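Below is one structure, written out as structure tokens; the observations come after it.
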Amino acid sequence: VVKERLAPPSMRSKSFAEQVEWLNPKIQGWRNYYYTNYSQKRLAKLDWYILQRLTRWYAKKRQRRRWMSSLPEVKYIAKMYGLRTLL
17 VVKERLAPPS
27 MRSKSFAEQV
37 EWLNPKIQGW
47 RNYYYTNYSQ
57 KRLAKLDWYI
67 LQRLTRWYAK
77 KRQRRRWMSS
87 LPEVKYIAKM
97 YGLRTLL
């Protein structure tokens with residue numbers, strides 16, 4: 017679901033706030049359905065995947081070659097816009 021939303025070039029015109037607004041209900045639903053004490057490692061991996069895809073989308077939107085250099089900026093922006101996490 018995350019890849020289909022963030023991967024297509026047509027989604028680069030969307031703002032960060034719109035992406036977070038679309039992702040938050042999905043993340044909350046996954047957390048409500050899958051969260052147990054034993055699932056935290058899996059949810060942490062999924063959380064990293066969401067952040068990674070969001071960072072790649074942001075780097076392509078800003079035409080940056082190396083997406084990892086955008087990671088601290090994306091973490092800050094995601095926190096500012098209230099992106100939910102699975103943990």
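Residue numbers (our numbering): 17 to 103. Virtual Cβ for every residue (Gly too), placed ideally from N, Cα, C. Note that the structure is a prediction, hence the values are computed from the model and not measured.
**Request:** May I ask you to report which of helix, strand or coil DSSP gives V90?
**Result:** If DSSP states are grouped into helix, strand and coil, V90 belongs with the helices.
**Prompt:** In three-state DSSP terms, what is A33?
**Reply:** helix
**Message:** Between which residues of its own chain and R100 is the CB-CB distance below 7 Å, once the five residues before and five after are set aside?
**Reply:** N40, I43 and Q44
**Message:** Is it buried or exposed, T71, if we count other Cβ atoms within 10 angstroms and call 16 or more buried?
**Reply:** buried
**Prompt:** Can you name, in chain order, every residue of its own chain whose Cβ lies under 7 Å from the Cβ of R69, other than the five neighbours on each side?
**Reply:** V18, K19 and L22
**Request:** With distances taken Cα to Cα, identify the nearest neighbour of V90 among Q35, P24 and S29.
**Result:** Q35
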